[in-house]
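Quick note on numbering: the numbering used here labels position 89 of the sequence shown as 992, and the sequence is numbered without any gaps.
No residue lacks a Cβ here, since even glycine has one placed at the ideal position from N, Cα and C.
Below you'll find the structure, written out as structure tokens, and then a few comments.
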Amino acid sequence: MSTDDSAIPNFSRGTNGLLPAIAQDATSNRVLMMAWMNAQAFDETLKSGYAVYFSRSRNQLWRKGETSGHQQRVVEIRVDCDADTILLKVEQKGAACHEGFESCFFRTVSADGAAAVADERLVDPNSVYGKKSS
């Protein structure tokens, strides 16, 4: 494999230095979640081997699983052709979604616009976070 410096995420292309980061199960290839990364989160992810994101609501780094224990061990990192979207292939421990589902993409939407929950909840978010899910 050859080295490609253009594959380094270009955080200057993001909004406020943030790029979308997609977490995908390394075994099943299911998309688990989308979050945001800044350069510091990306660097910490590289160094630790675990997913670290940037929380826009808290304006700070968010170490996935810090509260819940539902960590994401990073198996592989990919960057899209424009170097402005990050794909993390991860081994997910527990639920990826704060609502207790394996994936944040647990709803389906039919052609008429009706939404339905399509997956089983893995954990009760109240027992994990001590508060009601949103």
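- Distance from the CA of ASN941 to the CA of ASP1022, rounded to the nearest whole angstrom, comes to 31 Å.
- Secondary structure of GLU979 (DSSP, three-state): strand.
- DSSP places PHE945 within a helical segment (H, G or I) once states are collapsed to three.
- For ALA954, the closest alpha carbon among the candidates VAL982, ARG1024, LEU991 is that of LEU991.
- Rounded to the nearest angstrom, the gap between the Cα atoms of GLY1033 and ARG976 is 24 Å.
- Cα atoms of GLN927 and GLU994: separation of roughly 9 Å, rounded to the nearest angstrom.
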